[in-house]
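Everything in the sequence shown is counted per the numbering used here, starting at 3 for the first residue and increasing by one.
Don't be surprised by glycine CBs; every beta carbon is placed ideally from N, CA and C.
As structure tokens, the structure follows; a few thoughts come after it.
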Amino acid sequence: MRFEVSKVLDAIEGRLSIDPALARAVVDLSEIVRYADLDGGRPASSVRLGLVVDALSRHVAEENAPVYVVCPRGLLSDTDLTSNERMVIRRWADDGKVEVVPQLDDRVYEVAELLGVPVLTRARGDQVRDRRPWVDEPGRLLAAVAGEGGGAVLMARVGRGEPPRPAERSQLGERLLARVWRCPESNCSSFGQGGDPDSPFSDMRTFTSPVAQPPPALRSGVPTCPRHGSKLKDAGARPPVEVLSVRIDGVIRQRFVVSADAPVVVGRAPEGGKGIMLGQWLTEDARKWISRGHVQFELRGNGELTAQDVSTNGSGIRPGGSTDDDERITLKRGETRSLGATDVVELYAGVNVGRSKMWATGGLVQPQSVMAEAPTMALRKFTG
Ligand SMILES: [Zn+2]
């Protein structure tokens, strides 16, 4: 059973991100692990995060919707969790997959406000309403509750039944996320490399890329490291990013970030395991047509997004996402074109990549579950 739990935690790990461009909701891990009513199991279980992650994917109708997890430090020594679970969460923290904070304060709400994403919580917002009046807006607080068919579903406290609101950062969030921040602590995974560069361990650590840094915490208006409480140093402008989505037969399968210094290759199975691999979602015909690396996306310093065909068979561009074949522009092998705001690159019929804001809904009825390997205990309610 421990083995199965580990597999679930591995699957959950793939859905964790504190990257402001990718996170779709924010949670307090210490709250989620105690939702014993979801599976009738132990007082605390990290597997419940998987139920909530699945509920989020269904809510936004997308595959792979990442969640921003805030973990109060106390949870790392909470003996209601198994030692294996505590070890996994500590590793997630060290790898910058979750954010550990000494005290929760209202960090979860701060992140939600700065990024413009919902909070997944059963709290009613009473404690934060004075400071965060938006908690009373539709869809900003979503409670994970037991679903009828098992698992969890997200219920909005306000405006129930409305479609999820598109994310919109606060102005303050835009300003903070336009800069790169440095923490003076040498072991800071989120705002790293601000410590002693001569330390023998300085190149052994993994640091979050500057373009993927989480939002700073604000203490009396001063940007502060949420983990260390240290004042952050402004290290210059953050390179611009563009968030793109892979959409196959009307379904959003994955979002990814292209930044000015990091082109991304999309294809059947890009070389070296880098890039965006589509193979698992393609029909046999599409697999034959689409090259291992098919299109390379690049963001230039001036904000221009380009697509370069790197395939054997070529690609196409559909201006404004047009489905009219007469408007389709052929992108020949090796050719590069600039992409307009609503242009969609077509790797094969129905296999598209475009800016994420092009598509309001993910279009997916039954996203893949991270709970596939769940032990029978957690599955009881799915099947019962
Ligand atoms: Zn720090």
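- The criterion of a C-beta distance shorter than 9 Å is satisfied by Ile-20 and Val-100.
- Contact residues of ligand 1 (beta-carbon closer than 7 Å to any heavy atom; chain order) are Cys-185, Glu-187, Cys-190, Ser-192, Phe-193, Cys-227, Arg-229, His-230, Ser-232.
- In chain order, Asp-251 place their CB closer than 6 Å to the CB of Gly-352, counting only its own chain and leaving out the 5 sequence neighbours on each side.
- Taking a contact as a CB-CB distance under 8 Å, the pair Arg-270 and Ile-292 counts as one, their CB atoms being some 5 Å apart.
- Leaving aside the five residues that flank Ser-48 on each side, the residues in its chain whose CB is nearer than 6 Å to its CB run, in chain order, Val-35, Glu-87.
- In the DSSP assignment, Leu-144 falls within the beta strand (DSSP E) that extends over 143-148.
- Close CB contacts of Arg-124 within its chain, under the 6 Å cut and outside five residues either way in sequence, are with Ala-145 (chain order).
- Secondary structure within the region 78-125: the beta strand (DSSP E) runs of 3 or more consecutive residues, fully enclosed, are 101-103 (chain order).
- Residue pairing for Phe-299: DSSP places it in a beta bridge opposite Val-266, Ala-309.
- Boundaries cannot be given for Gln-370, as no beta strand (DSSP E) includes it and DSSP labels it neither H nor E.
- The region 357-371 makes no contact with the region 328-337; the number of CB pairs closer than 8 Å stays below 3.
- The closest CA to that of Arg-75, considering only Leu-31, Pro-241, Glu-112, is found on Leu-31.
- By a beta-carbon distance limit of 8 Å, Ala-154 does not contact Arg-240. Their separation comes to about 35 Å.
- In chain order, Val-266, Val-267, Val-268, Gly-269, Gly-295 place their CB closer than 8 Å to the CB of Gly-277, counting only its own chain and leaving out the 5 sequence neighbours on each side.
- When only Cα atoms are considered, Pro-369 and Val-248 end up about 15 Å apart.
- When Gln-256, Asn-189, Gly-274 are compared, the shortest CA-CA separation from Ser-232 is found for Asn-189.
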